[in-house]
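A.B. asks: Let me give you the structure first, and then I'll get to my questions.
Protein chains in written order, with our numbering: chain A, 1 to 411; chain B, 1 to 300.
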């Protein structure tokens with residue numbers, strides 16, 4: 001009997017340090033499947049496990065079904081400990097009451113004070129912080145320097161007229177297209193460049209604004225590009241991205257992450273890519289942020305909070321920049337930035353344009369961002385591919401926005 | 001004596017029900033309960049973003065909202081058009097190929113295998129393959145069209161053409177199953193009936209209408225109902241190929257239920273549309289059964 005007790009005791013002494021009884025942190029994050037991001041998250045996972053002597057179990061699904069799956073898990077109450085989200089969906093999760101406020105788990109004041117303004121604007125509701133937005137994205141015009149030079153252009157376009165004339169001259173179908181737009185999912189993300197570029201929005205001061213002349217002008221410009229032949233019709237966004245890094249599209253709007261994708265795809269044309277400010281009259285461009293949250297139903301909230309702090313350590317933020325080519329949520333040392341600019345000159349445009357960044361979801365509509373996205377997509381599709389005129393499609397959108405605003409959930 | 005009578009009554013009358021009870025319970029849990037829950041939900045206001053306000057009973061409000069929406073009638077129209085077109089084409093194509101495969105021709109078994117191949121592919125794989133074939137820029141169909149001097153078509157971009165593009169995909173996938181069912185039906189028709197018809201002077205066409213079609217009535221009863229129900233609730237090809245586009249032209253009711261529930265988070269409104277779709281399916285099925293009961297088969 002004594003021998004058995006001693007044996008069990010020895011077994012426990014061996015098994016406990018080796019992780020048999022280790023705490024477990026579960027993560028749900030689609031970026032584990034994305035080039036560039038996957039390497040970052042894997043490294044974070046390994047280092048976090050070592051430092052805290054815990055097990056991290058990450059699950060990923062493709063981004064196309066990620067947010068549906070996240071919502072199902074949140075509503076069912078069977079959740080992981082940590083989720084990744086973009087700002088477009090965060091609002092609806094907060095409004096649904098599914099998220100744990102982080103103020104008692106983390107020093108949220110530090111993040112709210114030091115991070116980009118998008119942190120407070122997006123993740124703070126009624127004085128409580130619900131997520132830490134560790135990554136910021138701005139959009140710019142991404143163009144192929146060689147293609148522009150071969151067409152006789154010494155610089156990127158600076159206004160709408162130049163954008164259109166460059167696009168026409170650079171179009172030689174079917175091998176080369178001058179300016180690509182998106183004509184299927186995700187249309188809202190794409191048309192937002194035009195709306196923000198014209199200094200307008202679908203909802204202003206809580207009122208539907210789809211009949212604003214600037215919104216109509218933005219929509220008409222989009223249709224003009226779609227019908228002009230300089231855009232490869234019917235091609236989905238992932239293929240448009242691939243076409244650009246294969247040297248088949250001269251100009252497109254995209255974010256910093258595009259350079260990471262092109263590099264990860266070993267693009268032969270990577271060195272020919274550069275970025276320029278969005279050439280629209282308002283001087284503004286789209287910006288968003290993404291981050292991590294802890295659901296109310298999480299099993300291991302304290303460990304999850306430590307994980308969030310770990311991800312946002314300055315050294316890990318620099319790693320994030322290097323792997324993903326995206327701006328971290330917090331400020332970077334000047335020396336690090338200067339070194340990065342030297343290796344990646346295109347990055348400076350995105351950093352400087354950060355101050356001119358605007359979210360595509362109007363203020364106050366974060367809880368219904370998914371519905372707004374669908375309404376906008378329906379509107380744009382109806383005048384791009386359907387028989388509706390821009391004015392008629394926008395009128396219908398205005399009516400739908402009125403209905404949407406009437407039923408906004410209370411926060 | 002009394003005890004043996006009780007045992008006898010139990011074994012002859014009650015025991016069969018006792019044996020069937022577990023299956024009935026399973027069907028009740030996985031079929032009847034969700035239908036009942038959906039029905040109840042359709043009379044409530046259950047919105048995922050307004051759960052904090054509580055779930056209220058709203059009576060027929062969701063149904064009134066559905067019927068007064070112009071979009072609903074467009075979705076209903078395309079749903080019925082898609083259902084009728086794909087069902088009719090699957091049946092006709094299935095009948096033609098079954099008649100051909102029933103002939104005593106060489107390599108018949110190889111031909112049957114070739115016909116069944118589309119049926120073996122998973123629906124999503126089928127939709128993805130056809131999606132690429134239809135691609136305006138890179139698709140093989142437009143490549144072949146331009147090769148023979150014809151204009152490439154906007155297969156899944158134009159609302160008018162997308163209907164036929166998606167329907168063709170569904171028909172290509174489903175008609176082999178109709179072929180196999182009808183082939184089995186054809187082979188069950190006694191040859192003596194054809195001989196008797198020939199002796200009465202009936203040509204091939206008359207034999208088809210007076211022997212073959214009545215002989216296929218038992219198969220038709222099942223086949224057409226299943227085709228109608230499958231195509232009525234079909235979402236996979238449409239969702240994968242266009243997501244209900246272009247410009248919502250292919251947004252059938254089943255897809256609308258998904259969008260209202262999971263995109264717009266309005267579960268009670270989605271439930272109301274789901275109940276309406278269920279009732280439409282029941283009406284179509286019963287109407288077809290009634291129409292078919294008026295026709296005579298061999299055993300009528």
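Idealized CB from N, CA, C, for every residue including glycine.
1. Taking the beta carbon of residue 108 of chain B as the centre, do at least 16 other beta carbons fall within 10 Å, making it buried, or is it exposed?
2. Across the region 156-164 of chain A and the region 291-300 of chain A, are there enough close Cβ pairs to call them in contact, namely three or more that are closer than 8 Å?
3. Drop a sphere of 10 angstroms on the beta-carbon of residue 130 of chain B, count the other beta-carbons inside from all chains shown, and report buried for 16 or more, exposed for fewer.
4. Output, in sequence order along the chain, the residues in the region 152-176 of chain B whose CB is closer than 9 Å to any CB in chain A.
5. Could you give the distance in angstroms between the alpha-carbon of residue 121 of chain A and the alpha-carbon of residue 64 of chain B?
6. Please confirm whether residue 247 of chain B has its beta-carbon closer than 8 Å to some beta-carbon of chain A.
7. Contact check, residue 311 of chain B vs residue 253 of chain B under 8 Å by CB: the rounded distance?
8. So is residue 199 of chain B buried or exposed if we call it buried at 16+ other beta carbons inside 10 Å?
9. In this structure, does DSSP put residue 286 of chain A in helix, strand or coil?
10. My output table needs one value for residue 100 of chain A: the three-state DSSP class, helix, strand or coil.
11. Out of curiosity, what's the CA-to-CA distance linking residue 331 of chain A and residue 237 of chain B?
12. Look at residue 137 of chain A and residue 256 of chain A and say whether their C-beta atoms are less than 8 Å apart.
13. Do residue 231 of chain B and residue 83 of chain B have their CB atoms nearer than 8 Å?
14. Cutting at 8 Å between CB atoms, please list the residues of its own chain near residue 263 of chain A, excluding the five before and the five after it.
15. Note down, in chain order, every chain B residue with its Cβ under 9 Å from the Cβ of residue 361 of chain A.
16. Against chain B, which members of the region 144-165 of chain A pass a CB distance test of less than 8 Å?
17. Can you tell me where the beta strand (DSSP E) holding residue 252 of chain A begins and where it ends?
18. According to DSSP, is residue 274 of chain A helix, strand or coil?
19. Can you name the residues of chain B whose CB is closer than 9 Å to the CB of residue 233 of chain A?
20. At which residues does the alpha helix (DSSP H) containing residue 1 of chain A begin and terminate?
21. If you measure from the beta carbon of residue 51 of chain B to each beta carbon in chain A, is any gap under 8 Å?
22. Any C-beta of chain B sitting closer than 8 Å to the C-beta of residue 92 of chain A?
23. Smallest Cα separation from residue 286 of chain A: which of A/50, A/383, A/38, A/88?
24. On the premise that residue 134 of chain A lies in contact with residue 364 of chain A, defined as a C-beta separation below 8 Å, what is that separation, rounded to the nearest angstrom?
25. Mind checking residue 373 of chain A: buried by the 16 CB within 10 Å criterion, or exposed?
26. So what does residue 24 of chain A bridge to, in DSSP terms?
27. Report, in whole angstroms, the separation of the C-beta atoms of residue 233 of chain A and residue 154 of chain B, which I expect to be a contact under 8 Å.
28. Among the candidates A/273, A/248, A/250, whose CA atom is the shortest distance from the CA of residue 258 of chain A?
29. Just to confirm, is the Cβ distance from residue 306 of chain A to residue 52 of chain A under 8 Å?
30. When we look at the beta-carbon of residue 341 of chain A and count the other beta-carbons within 10 Å, is it buried (16 or more) or exposed?
31. Give the DSSP-derived three-state secondary structure of residue 357 of chain A in the structure shown.
32. Let's test the definition: count the other Cβ atoms within 10 Å of the Cβ of residue 190 of chain A and tell me whether it reaches 16, buried, or not, exposed.
33. Contact criterion: CB-CB distance below 8 Å. Does residue 83 of chain A meet it with respect to chain B?
34. Taking C-beta to C-beta, are residue 283 of chain A and residue 166 of chain A nearer than 8 Å?
35. Please identify the residue among B/273, B/212, B/168, B/227 whose C-alpha is closest to the C-alpha of residue 184 of chain B.
36. Among A/319, A/76, A/39, A/111, which has the Cα closest to the Cα of residue 98 of chain A?
C.D. replies: Here's the rundown:
1. Residue 108 of chain B is exposed by the Cβ-count criterion.
2. Touching, no, given that fewer than three Cβ pairs across the two stretches are closer than 8 Å.
3. With a threshold of 16 other beta carbon atoms within 10 Å, residue 130 of chain B meets it and is buried.
4. Per Cβ criterion, the list reads 154, 155, 156, 157, 158, 159, 162.
5. CA-CA distance, residue 121 of chain A to residue 64 of chain B, rounds to 39 Å.
6. Yes, residue 247 of chain B lies at the interface with chain A (some Cβ there is under 8 Å from its Cβ).
7. Nothing can be reported for residue 311 of chain B: it is not among the residues displayed for chain B, which extend from 1 to 300.
8. Result: exposed.
9. The answer is strand: DSSP assigns residue 286 of chain A an E or B state.
10. Shown here, residue 100 of chain A sits in coil according to DSSP, grouped into three states, outside any helix or strand.
11. Approximately 47 Å, taken between the alpha carbons.
12. Contact flag set, yes.
13. Yes, the pair counts as a contact, with Cβ atoms nearer than the cut-off.
14. Excluding sequence neighbours, residue 263 of chain A sits near 36, 270, 325.
15. The contacting residues do not exist; residue 361 of chain A stays about 14 Å from chain B at best.
16. Result list empty, no residue passes.
17. In this chain, the beta strand (DSSP E) harbouring residue 252 of chain A covers 249-255.
18. Here residue 274 of chain A sits in strand by DSSP.
19. The answer, in chain order, is 136, 137, 154, 157.
20. No alpha helix (DSSP H) holds residue 1 of chain A; DSSP gives it neither H nor E.
21. Yes, residue 51 of chain B counts as interfacial toward chain A.
22. Using a Cβ-Cβ cut-off of 8 Å, residue 92 of chain A counts as an interface residue toward chain B, since at least one Cβ of chain B sits closer than that to its own.
23. If we check each option's Cα against that of residue 286 of chain A, A/88 comes out closest.
24. Contact flag wrong, Cβ pair sits at about 24 Å.
25. Note on residue 373 of chain A: 16 or more other CB atoms within 10 angstroms of its CB, so buried under the neighbour-count rule.
26. Under the DSSP definition of a beta bridge, residue 24 of chain A partners with A/55.
27. 7 Å between Cβ atoms; contact.
28. Among A/273, A/248, A/250, the Cα nearest to that of residue 258 of chain A is on A/273.
29. Yes, the Cβ-Cβ distance between residue 306 of chain A and residue 52 of chain A is below 8 Å.
30. Looking at its Cβ environment, which holds fewer than 16 other Cβ atoms inside 10 Å, residue 341 of chain A is exposed.
31. Strand.
32. Answer is buried; the Cβ neighbour count reaches 16.
33. Residue 83 of chain A does not count as touching chain B.
34. Contact annotation: residue 283 of chain A and residue 166 of chain A have beta-carbon atoms that are not nearer than 8 Å.
35. Ranking the options by Cα distance to residue 184 of chain B, first place goes to B/212.
36. In terms of Cα proximity to residue 98 of chain A, the closest of A/319, A/76, A/39, A/111 is A/76.
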